[in-house]
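Peer 1: Please read through the structure below; I'll follow up with questions.
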Amino acid sequence: QNIATENNLSETAFLKSIGANQYEIRWFSPITEIDFCGHATLASSLVLFDEFGINGTIEFHTLEVGTLTVEKNAQGKIEMTFPAHPPK
Numbered sequence: 020q021n022i023a024t025e026n027n028l029s030e031t032a033f034l035k036s037i038g039a040n041q042y043e044i045r046w047f048s049p050i051t052e053i054d055f056c057g058h059a060t061l062a063s064s065l066v067l068f069d070e071f072g073i074n075g076t077i078e079f080h081t082l083e084v085g086t087l088t089v090e091k092n093a094q095g096k097i098e099m100t101f102p103a104h105p106p107k
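Residue numbering for the sequence shown follows my numbering, beginning at 20 and increasing consecutively.
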């Protein structure tokens with residue numbers, strides 16, 4: 020939370036490696052933890068693909084929305100799949 024407040028961005032993603040191409044991911048605003056942030060997840064995957072040389076599918080495990088999968092296709096585009104939850 021303190022790091023997110025210091026960054027002063029709308030959302031900050033935090034990753035923890037839990038296995039090959041698998042990460043726990045959590046998102047924080049400057050005020051609180053949030054349930055999901057798609058653009059921070061895509062940005063995190065881009066860093067993993069481009070800066071850390073990750074290949075194949077990345078799985079992000081979340082506390083609230085389940086497992087998100089991200090792949091970089093043959094054209095270099097990143098595609099994310101995530102569970103659809105009905106509105107509450």
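Here a beta-carbon is modelled for each residue, glycine too, at the ideal position from N, C-alpha and C. Model, not experiment: these values are computed from the prediction.
Identify whether T100 lies in helix, strand or coil by the three-state DSSP scheme.
Peer 2: Walking along the sequence shown from the start, residue 100 turns up at place 81. Residue state for T100 is assigned as strand, using DSSP reduced to three classes.
Peer 1: In the DSSP assignment, what are the bridge partners of T88?
Peer 2: Your numbering for residue 88 matches position 69 in the sequence shown. Note: T88 sits in a beta bridge opposite E78, T100.
Peer 1: What is the DSSP secondary structure of F68, counted as helix, strand or coil?
Peer 2: The residue given as residue 68 occupies position 49 in the sequence shown. Helix, per DSSP.
Peer 1: If we call anything under 8 angstroms between Cβ atoms a contact, is E83 one with F55?
Peer 2: Position 64 of the sequence shown, counting from 1, holds the residue named residue 83. Position 36 of the sequence shown, counting from 1, holds the residue named residue 55. Yes, the Cβ-Cβ distance between E83 and F55 is below 8 angstroms.
Peer 1: Please name the residue, chosen from L65, T60, G85, E78, that lies closest to N16 on a Cα-to-Cα basis.
Peer 2: A query on residue 16 cannot be resolved here, the shown segment of the chain reaching from 20 to 107 and no further.
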